[in-house]
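Numbering (this note's numbering), first residue to last: 540 to 952.
Comments concern the structure below.
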């Protein structure tokens, strides 16, 4: 069976077809620059270890081992991601991804083994609650709870197997010390959230697909690692593996595109930062609404969960939309646009022709702001250059981003 693998729609190719020999030379130079900017595994592991000790004010058992695994995982993600390799900022990505992984690990470490398990179990259960049984099944809360427990026990085993495989560990490896357990719980959360695309529909989290298969009574052997289904093994076992009915069944439900590993991390960061922003704004109901939407709750289910009427939900949606737009144009604009494949280094998501046409519509001051942003100047320096306050600059930049959004989605070229 042939599996078609396409680039993510959010991964933009900024090279033109004009003067290919120039583009080839540029690509070679960019690759060389990226290689020079990359940190090797040992250096990155040392940075992560230093930050771990600084955060915990101590050096936990197995600290070097865990931080080395984090560095190796980050290196694997960076090598597999076209977005990262083409960004020209590989080292920046390495640090960002490593800190993201470390932050999750520290979060579970501080919770401790008992409370960490409780938090992880609760999080995973909330993701699959609506998917663990077929829509026709009339289950009581206790019946659904029992199914969730049965499913998650199997999922924890699957996650541990994936952890061993991806880190090249012995098949009998089990996390024993506190930091190792925190590392495994952080991995399990990330593993559950992996985004898998499906033909003719949006992407879905891996754990939801597993739960849906469980609800349909699929045999256990179909619960194999999705990456194995996409990336068939090489060598003598390849033919036998490809003929496996389990592999074929998974492949038939697979994505027609390969999900860039950097994209899932960016999405996770955007959601995390958005929740932090909403908390700071005192918008607890908006946070609840966001979490339900992320779990694919329908409008009527949201009303029941939040105890609101449809009219109140409409108002909540408008309030949520307002805060999301405000968040996207605040200091988080770069993170949001990076996730959307519309960062300033990517011409804000426009083609080269449209980008030139858009710049022609800007005032001299707006062009100056745009150029200073592209040069990486901070807000204080830009505000000083154009003689305005940082708050005024934020408003002008938000307006410029809004103009770019309208222009990007217009028919103008």
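C-beta atoms are modelled at their ideal positions from N, C-alpha and C, and glycine is treated no differently.
CA-to-CA, the gap between residue 892 and residue 899 works out to about 11 Å.
The beta carbon of residue 820 lies closer than 8 Å to those of 862 in the same chain, with the five residues before and after it left out. Within the stretch 695-756, the beta strand (DSSP E) runs of at least 3 residues that lie entirely inside it are, in chain order, 734-737 and 740-744. Distance from the CA atom of residue 809 to the CA atom of residue 867, rounded to whole angstroms, is 10 Å. Sixteen is the threshold: since fewer than 16 other Cβ atoms of the shown chains lie within 10 Å of the Cβ of residue 904, the residue is exposed. Residue 947 and residue 888 have their alpha carbons spaced roughly 7 Å apart. If you draw a straight line from the Cα of residue 623 to the Cα of residue 736, it comes to about 20 Å. With contacts defined by Cβ atoms closer than 8 Å, residue 745 and residue 725 do not form a contacting pair.
If you check the CB distance, residue 630 and residue 578 come in under 8 Å. A buried status is given to residue 701, since no fewer than 16 other beta-carbon atoms sit within 10 Å of its beta-carbon. Residue burial annotation: residue 709 is exposed, with fewer than 16 other C-beta atoms found within 10 angstroms of its C-beta. Secondary structure note for residue 887: it is in no alpha helix (DSSP H), with a DSSP letter that is neither H nor E.
Residue 828 holds the alpha-carbon nearest to the alpha-carbon of residue 854 among 828, 840, 718 and 833. Of the other Cβ atoms in all chains shown, fewer than 16 fall within 10 Å of the Cβ of residue 945; this residue is therefore exposed.
Contact check for residue 652 against residue 717 passes: the beta carbons are separated by less than 8 Å. Look at residue 852 here: in three-state DSSP terms it is helix. With contacts defined by Cβ atoms closer than 8 Å, residue 668 and residue 721 do not form a contacting pair.
Out of 864, 806, 857 and 603, the CA that lies nearest to the CA of residue 591 is found in 603.
Residue 599 carries a coil assignment under DSSP once its states are collapsed to helix, strand and coil.
In the DSSP assignment, residue 836 falls outside any alpha helix (DSSP H) and carries neither an H nor an E. A direct Cα-Cα distance of roughly 52 Å separates residue 597 from residue 850. Per DSSP, residue 623 is one residue of the alpha helix (DSSP H) stretching across 621-624. Runs of alpha helix (DSSP H) with 4 or more residues, each lying fully within the stretch 629-656, are absent.
Per DSSP, the unbroken alpha helix (DSSP H) holding residue 924 starts and ends at 918-924. Taken in chain order, the complete alpha helix (DSSP H) segments of 4 residues or longer contained in the stretch 887-917 are 891-899 and 903-913.
With a cutoff of 8 Å on beta-carbon distance, residue 691 and residue 660 are scored as near each other. DSSP places residue 942 in the uninterrupted alpha helix (DSSP H) bounded by 929-947.
One Cα belongs to residue 823, the other to residue 580, and the distance between them is close to 40 Å.
Classified as exposed, residue 704 has fewer than 16 neighbouring CB atoms from the shown chains inside 10 Å of its CB.
Here residue 806 is actually not in contact with residue 729; their C-beta atoms are around 12 Å apart, not less than 8 Å.
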